[in-house]
Structures are given as C-alpha cells and as structure tokens.
Amino acid sequence: MSANFSVYVVIMAASVIVVGIGVLGLLLHRNPIRMLISLEVSFNGVLLLVLYLGWILKEPVLSSNVGLFAVGVSSGELALMVSIIMALFRKGYLEVLDQEEMEVEEK
Amino acid sequence: MEVGLFAATLLLVLFSSLAVSHKSMIYSALFLALLGLTNASLFFALGFAIVAFVQVVVYVGASVLFLIVSISMLREPASRFVAPRYGLLGLAGVVVFGSLLAYFFGTSANVYPHLISYGSIALQLVELGHYGVVLLFLLLLVALVSSITVATGDKK
Chain E
1 MSANFSVYVV IMAASVIVVG IGVLGLLLHR NPIRMLISLE VSFNGVLLLV LYLGWILKEP
61 VLSSNVGLFA VGVSSGELAL MVSIIMALFR KGYLEVLDQE EMEVEEK
Chain W
108 MEVGLFAATL LLVLFSSLAV SHKSMIYSAL FLALLGLTNA SLFFALGFAI VAFVQVVVYV
168 GASVLFLIVS ISMLREPASR FVAPRYGLLG LAGVVVFGSL LAYFFGTSAN VYPHLISYGS
228 IALQLVELGH YGVVLLFLLL LVALVSSITV ATGDKK
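Chains as they are written, first to last, in the numbering used here: chain E, 1 to 107; chain W, 108 to 263.
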C-alpha cells in the first residue's frame, strides 16, 4: 500500500465521518438553525464523497457536473430555509433556545 | 502535498464537529464556512478546480455568509451543548464504517488528480441535454424570489 493510496483512503474516510457527524447533529439538536447547519455539514461530506467516487471511478466530468448541481441546489435550499426560519422566528412561531433549555425554563 | 492533504482532512473533521457542537450559533456558522473552504481545498487537490471555485464563490461566499449575517441579527441567548450519551459510540462506528468502506472501494484509486477543463464539463452538459441547467436556473430563481418575499414579509 503506497503512501499516496493511504492519503486518498483517508480522504474517503474523512468524508464518511463528516456525513456521520452531520447526521448525529441533525438527530440530536432541536433548534432549526442548528439542524440546518448539521444538514449542511452532512451535505459537505456527501459532496466530497461524490467527487471522490467520481474520481476513483474515472468519471471526473460527470462527477464535476453532479458537484456543480449539488452546490447550486444546496445554496438555493440554504437561502430559502434561512429566510423561512428567520420569518418564523420574527413572527414568534419558533424559539431560539434549544429543546433542553426550553425544558429547563419551563421547570 | 500529502501532509497538506492529511492536514486538510483533519481540519475537515475538526470543523465539522465544531460546527455541530459549538455553543454559539454564529460560531457554528463560521465553522461551517471554514468547513466549506477546507472542502474546496480538497476538491482542488483531487483535480476538481471548477467545483472548488464554485464552492468558494457560491456556497461559502454567498450562502453561508447569508446564514452568518442572518444569525447575527437574532438575539441569541447563551446556549449550552450537552454531550450525547451515545455520541462517542456512534462516532466510533462511523469511523470503523468509513475505514471499511475506504478499504473496499479505495483499491482502484489513481494517485494523480484528473485534469478537467470547463469545455469538457460544458460539452457533457450539452450532450446530456439542457433541461438540468434550465431546472437548476429556475430553482435558484425561485429560491431567490421566495427568500426575498419571505424576508420582506409582514412584520409583527
């Protein structure tokens, strides 16, 4: 196993770890902004994984196109979700606090 | 080169964990921006220079910055993060799974990055049809218009 091989194995393992961290954050938080940030963390890992798979399968152009589309869709989704969450915060439908702190305040 | 790649992957994991677990939401969004920049550096190292450029300009430069500015306008209380009970176990499982996946799928890895030109990407887009590009343009347009509409909506 050469040194270069181990480098790219590490890249793939890191992308899977980042996806896992994002999913964990998505499951553990109740604040919508934190959930959105966790979703974006997971998206970054998936994007790296897609480009890496395209790279090892020797389909760099196709994976570039998929990556460009993914970045565009994710940017639009992030802007739309932040606007909706901010509007809901402003109208008072959502709380900035996490679920655990809301439970502490209720007590 | 290899040391830089190792450092970038370590920074990737570090920034992702900090973005998920930091107390302040503004710092979480800031770490998300740093995560995007680190990701772009890895794209560049793999040879996807155009995707890295779009990631920096569109994703980090526009979307995540918009997220940071929006969060900074909130009156954020001091929040605390309670460590998950099974978080470390789940993280260890993810590490093992990632290592196994990398072992089985990484055996055909080429050690040199591919050289991708903008012309080849555009040519494949034309070959695949324009519907995807039109759909993406419409999606971004709808997202922009709805964001502006929601942000300038009725005030309480």
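Virtual Cβ for every residue (Gly too), placed ideally from N, Cα, C.
Computed from a prediction, not measured in an experiment: that's the story for all the values here.
DSSP three-state label for E/Met81, please. Residue 81 of chain E sits at position 81 when you count from the first residue of the first sequence. Three-state DSSP puts E/Met81 in a helix.
What does W/Ser179 touch in chain E if you count any residue whose Cβ is under 8 Å from its own? Within the second sequence, the letter at position 72 stands for residue 179 of chain W. Near W/Ser179 there are no residues of chain E at all, since even the closest Cβ is about 11 Å away, more than 8 Å.
With 16 other CB atoms within 10 Å as the buried threshold, where does E/Tyr93 fall? For the purposes of this step, residue 93 of chain E is identified with residue 93 of the first sequence, where counting begins at 1. Exposed, since its Cβ has fewer than 16 Cβ neighbours within 10 Å.
Establish whether the CB of W/Ile133 and some CB of chain E are separated by less than 8 Å. Looking up residue 133 of chain W in the second sequence gives position 26. The beta carbon of W/Ile133 does not come within 8 Å of any beta carbon belonging to chain E, so the residue lies off that interface.
Using a Cβ cut-off of 7 Å, pull out every chain E residue sitting near W/Phe151, in sequence order please. Residue mapping note: residue 151 of chain W aligns to position 44 of the second sequence, counting from 1. Listed along chain E, no residue sits closer than 7 Å to W/Phe151 by beta-carbon distance, the nearest being about 11 Å off.
Selected residue, minimal CA-CA separation from W/Val127, among W/Phe138, W/Leu117 and W/Leu118: Here residue 127 of chain W refers to the residue found at position 20 when the second sequence is read from its first residue. Minimum Cα distance to W/Val127 is reached at W/Phe138.
Spatial neighbours of E/Ile37 in its chain, beta-carbon cut-off 8 Å, leaving aside the 5 residues before and after: Your numbering for residue 37 of chain E matches position 37 in the first sequence. These residues qualify, in order along the chain: Gly25.
Chain-ordered residues of the segment 137-165 of chain W with a beta carbon less than 8 Å from chain E: Per Cβ criterion, the list reads Leu139, Leu142, Gly143, Asn146, Leu149, Phe150, Leu153, Gly154, Phe155, Ile157, Val158, Val161, Gln162 and Val165.
On a CA-only basis, which of W/Leu242, W/Ile228, W/Leu245 and W/Leu117 is nearest E/Leu62? Give me that one, please. Numbered from 1 along the first sequence, position 62 holds the residue referred to as residue 62 of chain E. Checked all of W/Leu242, W/Ile228, W/Leu245 and W/Leu117; the closest Cα to E/Leu62 is W/Ile228.
Residue range of the alpha helix (DSSP H) that W/Ala140 falls in? Here residue 140 of chain W refers to the residue found at position 33 of the second sequence. Met132 to Leu153 is the extent of the alpha helix (DSSP H) around W/Ala140.
Contact residues within the segment 19-37 of chain E, judged by C-beta distance below 9 Å to chain W: Of all residues in the segment 19-37 of chain E, Val19, Gly20, Ile21, Gly22, Val23, Leu24, Gly25, Leu26, Leu27, Leu28, His29, Asn31, Ile33, Arg34, Leu36 and Ile37 have a Cβ within less than 9 Å of some Cβ in chain W.
Boundaries (first-last residue) of the alpha helix (DSSP H) holding E/Gly54: If you number the first sequence from 1, residue 54 of chain E lands on position 54. Here the alpha helix (DSSP H) through E/Gly54 covers Pro32 to Ile56.
Cutting at 7 Å between CB atoms, please list the residues of its own chain near E/Pro32, excluding the five before and the five after it. In the first sequence, residue 32 of chain E corresponds to position 32, counting from 1. Spatial neighbours of E/Pro32 in its own chain (CB-CB distance under 7 Å, excluding positions within 5 residues in sequence) are listed in chain order as Ile85 and Leu94.
Along chain C, in chain order, which residues have C-beta atoms closer than 9 Å to that of E/Tyr93? In the structure shown, chain C cannot be found, because the protein chains are E and W.
Assign E/Met12 to one of two classes, buried (16 or more other C-beta atoms within 10 Å of its C-beta) or exposed (fewer than that). The residue given as residue 12 of chain E occupies position 12 in the first sequence. Buried: at least 16 other Cβ atoms inside 10 Å.
Quick check on E/Glu59: does DSSP put it in helix, strand or coil? The count along the first sequence starts at 1 and reaches residue 59 of chain E at position 59. Here E/Glu59 sits in coil by DSSP.
What are the start and end residues of the alpha helix (DSSP H) that includes W/Val161? Residue numbering aside, residue 161 of chain W sits at position 54 when the second sequence is read from its first letter. W/Val161 -> alpha helix (DSSP H) spans Ala156 to Val161.
Residues near W/Leu141 by beta carbon distance below 7 Å, same chain, minus five either side: Within the second sequence, numbered from 1, the residue matching residue 141 of chain W stands at position 34. Non-local C-beta neighbours of W/Leu141 in its own chain, meaning closer than 7 Å and more than five positions away in sequence, comprise Phe122, ordered along the chain.
So W/Val257 and E/Ser83 are in contact, right, with Cβ under 8 Å, and what is the actual spacing, rounded? If you number the second sequence from 1, residue 257 of chain W lands on position 150. If you number the first sequence from 1, residue 83 of chain E lands on position 83. Right, their Cβ atoms sit about 4 Å apart.
Kindly indicate if chain E contains any beta-carbon less than 8 Å away from that of W/Ala169. Position 62 of the second sequence, counting from 1, holds the residue named residue 169 of chain W. Yes - at least one Cβ of chain E is within 8 Å of the one on W/Ala169.
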